[in-house]
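Notes for the one structure printed next.
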Amino acid sequence: MVRQMRALQKLCGLLLAGLCCFVDVPIAIAQEPEPTATIIASIDAGQFAQAEAVIAKALSAPGLSAARMADLEFQRERMRRIRLDFGLSREELLAKVLLQIPDLNNDKFEEWDAHGLFERQVIDGQLRYFNRAPSNLFRLSGEARAMRPVQKAFVDNPMESANAHHREVRDAALVTGRDSVAPRRLRVTQSLTVEADALPAGKTVRAWIPYPRAIAGQQEDIRYVASVPRRKQIAPESTLQRTVFLEQVAVRGKPTRFQISYEVTIYARYHAVDPALVLPTPEKPELAADLAERPPHIQFSQSMRLLSRQIVGDEKNPWRIAQKLFAAVDEIPWAGAREYSTISNIGEYALHAGHADCGQQTLLLMTLLRLNGIPSRWQSGMVWSDGTYNNLHDWGQLYIAPYGWIPMDVTAGRLHSDDPAIAGFYLGGLDAYRIAFNDDYGRDFIPAKRYVRSETVDLQRGEAEWDGGNLYFDQWDYAFEWKVLPLVHGRSKQ
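All residue numbers for the sequence shown refer to the numbering used here, where the first residue is 296 and numbers rise by one.
Right under this line is the structure:
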């Protein structure tokens, strides 16, 4: 998932031309901010004590609605999660960097810090650094990488380098005239294990494990195999963040394990778009939501509009616009991300942070596409490989008339290839090494979760709770295993 420092300067140049600060973020709304907006702004500014005072006062008000109470409690929880993400002092950060660059001098460390290579936040006057800042440094700085006496290879998705599969997909699509080709049949086992004594013995753990929905031409012939425990509830096919719901009683001193297994056939996608055939986006009611803002993470702010104008210029062809926007967002280097639930506006964050992960890049690109009248929507799930690699991943789709909905993966981005069609594979193409769990983000579960989710945007690891509240990521772990099965007319041999 890494996008090396290659051309970060290009995007930074665009940002510095008109996006040098966050002045457009609406901290002040009309005459007086709405209370929740005030709290969010205080938290984003690191003024946690101030935010807590406002929350406590608001919670003590008579006649508070359940929805308002939940909103306030989440902002309190968000501060707790931010503290977990930003767990390093300056001294602890430096010590971790010195483990990889023993002869690093303080001046160079200060220089990197001043240039924003270590993500940080001041919380109530105390400087705190992101837990993944030490490893992210080597994603963001070629200079830092070169200074390591022992070079370590990044563990990245093999599909982010041009390979035989990309050629297989393109050739098959052109020969057959179909945009869904090169299928793979998988048996997947995904588990969620709550730590021993994370909740009192005898209490029931409720768990939601991601489960794919059928998507014509992308993933089909889904066959549920088994679960632990056996009793389960599979969400309807129409659920955009689909899950298998399971319940189990916690036993003292023992972890509580949930597991599901299923089979699915995954197809690669490829659309050879001819810009000369592209038409303006039609005015269809079913596309309206995919063109609109969706606060908090998709907003047409002043800084978004400025960047859009700088990238797009006078271009009118929707496909050419999409290519320009894709290329610009692709320039943002990948780095490990803080938890999405802690970020008040992910699209804006990706615009200003100087780095972004797959979901952050995707939401930024979706925002810019919609701003230019090009419908966009979200997909995410798990990527896998012919070897041992697997990971969480987010990507998306865009609507280009007359082709319809076609895939995009701006994190895989432009591949290094002398063949322009292979280089541009991930704008219009998709490999067969991914399972989509989500066709949207931030949607309700079926059955509904009682407490706020650990991941309020995405769904790949799963979720868990009990009557006492949500179980956060530091209280459980997940595992994803897969096995490739032989294909017989799109189905596995039995």
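By construction, the Cβ of each residue, glycine as well, lies at the ideal position given by its N, Cα and C atoms.
Taking the C-alpha atoms as reference points, what is the distance between Glu-438 and Asn-431? As a first step, residue 438 must be located in the sequence shown, where it is residue number 143. As a first step, residue 431 must be located in the sequence shown, where it is residue number 136. Taking the straight line joining both Cα atoms gives about 13 Å.
Contacts around Ser-639, its chain only, beta-carbon distance under 7 Å, and the 5 residues preceding and following it disregarded: The residue given as residue 639 occupies position 344 in the sequence shown. So the qualifying residues of the chain are Ile-335, Asp-339 and Pro-591.
Strand pairing of Asp-772, partner residues [DSSP]: Residue numbering aside, residue 772 sits at position 477 when the sequence shown is read from its first letter. Paired residue(s): Thr-488.
Extent of the continuous beta strand (DSSP E) run through Ile-418: Taking the first residue of the sequence shown as 1, we reach residue 418 at position 123. Here the beta strand (DSSP E) through Ile-418 covers 415-418.
Can you confirm whether the stretch 366-383 touches the stretch 411-425 when touching is taken to mean that 3 or more C-beta pairs between the two stretches lie within less than 8 Å? yes
Is DSSP giving Ile-717 helix, strand or coil here? The residue you call residue 717 lines up with position 422 of the sequence shown. In this structure, Ile-717 counts as helix in the three-state DSSP scheme.
Length-filtered (3 minimum) beta strand (DSSP E) runs lying within the stretch 502-554: 514-523 and 538-544
Which word fits Tyr-262, buried or exposed, when buried means at least 16 other C-beta atoms lie within 10 angstroms of its C-beta? Residue coverage of the chain in this structure runs from 296 to 789, which leaves residue 262 outside it and unanswerable.
Quick check: what's the CA-CA separation for Gly-649 versus Ile-627? By one-based count along the sequence shown, residue 649 stands at place 354. By one-based count along the sequence shown, residue 627 stands at place 332. Each residue's Cα considered, the two are about 7 Å apart.
Quick check: the Cα distance between Ala-521 and Leu-541, rounded to an integer number of angstroms? In the sequence shown, residue 521 corresponds to position 226, counting from 1. In the sequence shown, residue 541 corresponds to position 246, counting from 1. Ala-521 and Leu-541: Cα-Cα distance of roughly 12 Å.
Looking only at its own chain, which residues have a Cβ that is under 6 Å from the Cβ of Gly-548, when we skip the five neighbours before and after it? Position 253 of the sequence shown, counting from 1, holds the residue named residue 548. Contacts found: Ala-491.
In the DSSP assignment, find the unbroken beta strand (DSSP E) run with Glu-760 in it and report its ends. As a position in the sequence shown, residue 760 is number 465, starting the count at 1. That run of the beta strand (DSSP E) goes 758-761.
Hey, would you say Ser-712 sits closer than 7 Å to Ala-457, going by beta carbons? On the sequence shown, position 417 is the one that residue 712 refers to. On the sequence shown, position 162 is the one that residue 457 refers to. Taking 7 Å as the Cβ cut-off, Ser-712 and Ala-457 qualify as a contacting pair.
I'd like the span of the beta strand (DSSP E) that includes Val-678, first residue to last. Translated into positions along the sequence shown, residue 678 becomes position 383. 671-678 is the span of the beta strand (DSSP E), which, as asked, contains Val-678.
Within the continuous alpha helix (DSSP H) that includes Pro-613, where are the two ends? Working through the sequence shown from its first residue, we reach residue 613 at position 318. Here the alpha helix (DSSP H) through Pro-613 covers 613-625.
Nearest to Gly-737 (by Cα), restricted to the options Tyr-635, Gly-682, Gln-416 and Gln-446: Numbered from its first residue, the sequence shown carries residue 737 at position 442. Ranking the options by Cα distance to Gly-737, first place goes to Tyr-635.
With a threshold of 8 Å, are at least 3 pairs of Cβ atoms found where one atom belongs to the stretch 479-487 and the other to the stretch 554-565? yes
Cβ-based burial, Val-539 [other Cβ within 10 Å; buried from 16]: The residue given as residue 539 occupies position 244 in the sequence shown. That one is buried.
Rounded to a whole number of angstroms, what is the C-alpha to C-alpha distance between Leu-666 and Phe-595? One-based indexing of the sequence shown puts residue 666 at position 371. One-based indexing of the sequence shown puts residue 595 at position 300. Their Cα atoms are separated by approximately 7 Å.
Kindly list the residues whose CB is nearer than 8 Å to the CB of Gln-342, restricted to its own chain and excluding five residues on each side of it in sequence; keep chain order. Within the sequence shown, residue 342 is the residue found at index 47, counting from 1. Within the same chain, Gln-342 has close Cβ partners Asp-419.
What are the start and end residues of the alpha helix (DSSP H) that includes Ile-730? Taking the first residue of the sequence shown as 1, we reach residue 730 at position 435. Element bounds for Ile-730: not the alpha helix (DSSP H) but the beta strand (DSSP E), 729-733.
Beta-carbon proximity of Arg-564 to Pro-702, cut-off 7 Å: Your numbering for residue 564 matches position 269 in the sequence shown. Your numbering for residue 702 matches position 407 in the sequence shown. Yes.
Count Cβ pairs between the stretch 687-705 and the stretch 716-723 that sit closer than 8 Å; are there 3 or more? yes
Rounding to the nearest angstrom, what Cα-Cα distance links Ile-322 and Tyr-519 in this structure? Working through the sequence shown from its first residue, we reach residue 322 at position 27. Working through the sequence shown from its first residue, we reach residue 519 at position 224. Here the model assigns Ile-322 a pLDDT of 34, short of 50, so the residue's position is not dependable and the matter cannot be decided.
Anyone know if the C-beta pair for Leu-412 and Leu-388 falls short of 7 Å? Your numbering for residue 412 matches position 117 in the sequence shown. Your numbering for residue 388 matches position 93 in the sequence shown. Cβ atoms of Leu-412 and Leu-388: not closer than 7 Å.
As a quick exercise: from Leu-354, Ala-477, Glu-405 and Ile-350, pick the residue whose alpha carbon is nearest that of Val-783. As a working mapping, residue 783 is identified with position 488 in the sequence shown. Closest by alpha carbon: Ala-477.
Identify whether Lys-352 lies in helix, strand or coil by the three-state DSSP scheme. Within the sequence shown, the letter at position 57 stands for residue 352. Lys-352 falls in the helix class under three-state DSSP.
Closer than 7 Å by C-beta to Ala-509: which residues in its own chain qualify, once you throw out the five before and the five after it? Chain order, please. Numbered from its first residue, the sequence shown carries residue 509 at position 214. Glu-515, Ile-517 and Glu-532.
How would you write the range of the beta strand (DSSP E) that Leu-687 sits in, first residue to last? Taking the sequence shown and counting its residues from 1, the one referred to as residue 687 is at position 392. Per DSSP, Leu-687 belongs to the beta strand (DSSP E) from 686-695.
So, for Gln-656: in the same chain, excluding its five sequence neighbours on each side, which residues have a beta-carbon less than 7 Å away from its beta-carbon? Here residue 656 is taken as the residue at index 361 of the sequence shown, counted from 1. The residues are Val-624, Ile-627, Ala-645, Val-705 and Thr-706.
In whole angstroms, give me the CA-to-CA distance for Asp-319 and Pro-613. As a working mapping, residue 319 is identified with position 24 in the sequence shown. As a working mapping, residue 613 is identified with position 318 in the sequence shown. The pLDDT assigned to Asp-319 is 36, lower than 50, so where the model puts this residue is not dependable; a value taken from the coordinates is nonetheless given after this. So the alpha carbons of these two residues sit roughly 27 Å apart.
Please report how far the alpha carbon of Phe-768 lies from the alpha carbon of Ser-486, in whole angstroms. Here residue 768 refers to the residue found at position 473 of the sequence shown. Here residue 486 refers to the residue found at position 191 of the sequence shown. Taking the straight line joining both Cα atoms gives about 14 Å.
Use the C-beta contact count for Gln-446: other C-beta atoms within 10 angstroms, 16 or more gives buried, fewer gives exposed. Position 151 of the sequence shown, counted from the start, is the residue given in the question as residue 446. Burial call: exposed.
Using only the alpha-carbon positions, how far apart do Pro-697 and Val-573 sit? Against the sequence shown, residue 697 aligns to sequence position 402. Against the sequence shown, residue 573 aligns to sequence position 278. Rounded to whole angstroms, Pro-697 to Val-573 spans 6 Å at the Cα level.
Could you pull the start and end residues of the alpha helix (DSSP H) that Gln-793 belongs to? Here the chain comprises residues numbered 296 to 789, so residue 793 is not present and cannot be evaluated.
Alpha carbon to alpha carbon, what distance is there between Asn-685 and Leu-394? On the sequence shown, residue 394 is found 99 positions in, with the first residue counted as 1. On the sequence shown, residue 685 is found 390 positions in, with the first residue counted as 1. Cα to Cα, the separation comes out at about 27 Å.
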